[in-house]
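There are 2 protein chains.
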Amino acid sequence: MHEFVLVDLIGYLAGSLTTVAFLPQVVKTWKSHSARDLSLAMLAIFTTGVLCWLLYGIALGRWPIIIPNIVTLLLTSAILFFKLKESLQL
Amino acid sequence: MHEFVLVDLIGYLAGSLTTVAFLPQVVKTWKSHSARDLSLAMLAIFTTGVLCWLLYGIALGRWPIIIPNIVTLLLTSAILFFKLKESLQL
Chain A
112 MHEFVLVDLI
122 GYLAGSLTTV
132 AFLPQVVKTW
142 KSHSARDLSL
152 AMLAIFTTGV
162 LCWLLYGIAL
172 GRWPIIIPNI
182 VTLLLTSAIL
192 FFKLKESLQL
Chain B
112 MHEFVLVDLI
122 GYLAGSLTTV
132 AFLPQVVKTW
142 KSHSARDLSL
152 AMLAIFTTGV
162 LCWLLYGIAL
172 GRWPIIIPNI
182 VTLLLTSAIL
192 FFKLKESLQL
């Protein structure tokens with residue numbers, strides 16, 4: 112029982128960090144109006160990957176994988192949107 | 112049996128995409144010598160989070176979580192290194 116609680120805690124910490132991480136990037140890109148140094152390929156591939164992680168978490172029934180990947184998907188989609196908008200304007 | 116194979120395949124696809132994604136970013140940052148638009152907070156928090164995912168994967172004994180997070184850790188550490196180098200020079 113305790114072992115599972117600790118494992119889930121590590122999972123939630125991992126999910127929180129790799130999710131929260133994209134918030135300062137969204138804020139920075141929003142404020143600077145510049146996504147030039149961000150790789151479009153990185154953003155497109157990563158966002159697709161996060162969608163797959165979400166499906167994997169649903170299949171395993173593991174909330175520490177499901178919940179953060181929903182939020183990460185929203186944040187990385189926002190950054191991808193900024194980048195696409197910038198790329199199409201150039 | 113088949114169900115587990117499919118679930119693991121989705122996991123491997125997810126891990127491959129969110130890992131491979133950082134390769135074009137490493138190449139872009141390496142070539143442009145500019146990491147200005149990348150958030151230092153994003154890189155630092157994300158890299159720490161990937162380390163936690165690695166520990167979570169080890170605890171669950173799930174290779175689709177372990178393997179890609181080792182590679183992701185190396186790639187994001189490289190981008191974080193470029194960013195820190197640039198930040199300290201400014």
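Chains as they are written, first to last, in our numbering: chain A, 112 to 201; chain B, 112 to 201. Beta carbons: idealized from backbone N, C-alpha and C, even for Gly.
query, result
"Leaving aside the five residues before and after residue 153 of chain A along the sequence, list all residues of the same chain whose C-beta is less than 7 Å from its C-beta, in chain order.", "none"
"To the nearest angstrom, how far is the alpha carbon of residue 171 of chain A from that of residue 118 of chain B?", "8 Å"
"Considering only the alpha carbon of each residue, which of A:115, A:188 and A:158 lies closest to residue 124 of chain B?", "A:158"
"Between the Cα of residue 180 of chain B and those of B:188, B:161 and B:142, spot the shortest distance and give me the residue it belongs to.", "B:161"
"Using only the alpha-carbon positions, how far apart do residue 165 of chain A and residue 195 of chain A sit?", "23 Å"
"Once the 5 residues before and after residue 186 of chain B are set aside, which same chain residues still bring their CB inside 6 Å of it?", "133 and 137"
"Could you give the residue range of the alpha helix (DSSP H) that holds residue 152 of chain B?", "151–171"
"Starting from residue 189 of chain B, trace the alpha helix (DSSP H) in both directions and tell me its first and last residue.", "174–200"
"Under the three-state reduction of DSSP, which class applies to residue 132 of chain B: helix, strand or coil?", "coil"
"Taking only three categories from DSSP, how would you classify residue 119 of chain B?", "helix"
"Is residue 146 of chain A helix, strand or coil when you go by DSSP?", "coil"
"For residue 190 of chain B and residue 131 of chain A, which I take to be in contact (beta-carbon distance under 8 Å), what is that distance rounded to the nearest angstrom?", "Actually they are not in contact, since the Cβ atoms of residue 190 of chain B and residue 131 of chain A sit about 18 Å apart, beyond 8 Å."
"How close, in whole Å, do the beta carbons of residue 149 of chain B and residue 149 of chain A come, if the pair is a contact with beta carbons under 8 Å?", "7 Å"
"Within 10 Å of its beta-carbon, does residue 115 of chain A have 16 or more other beta-carbons around it, so buried, or fewer, so exposed?", "exposed"
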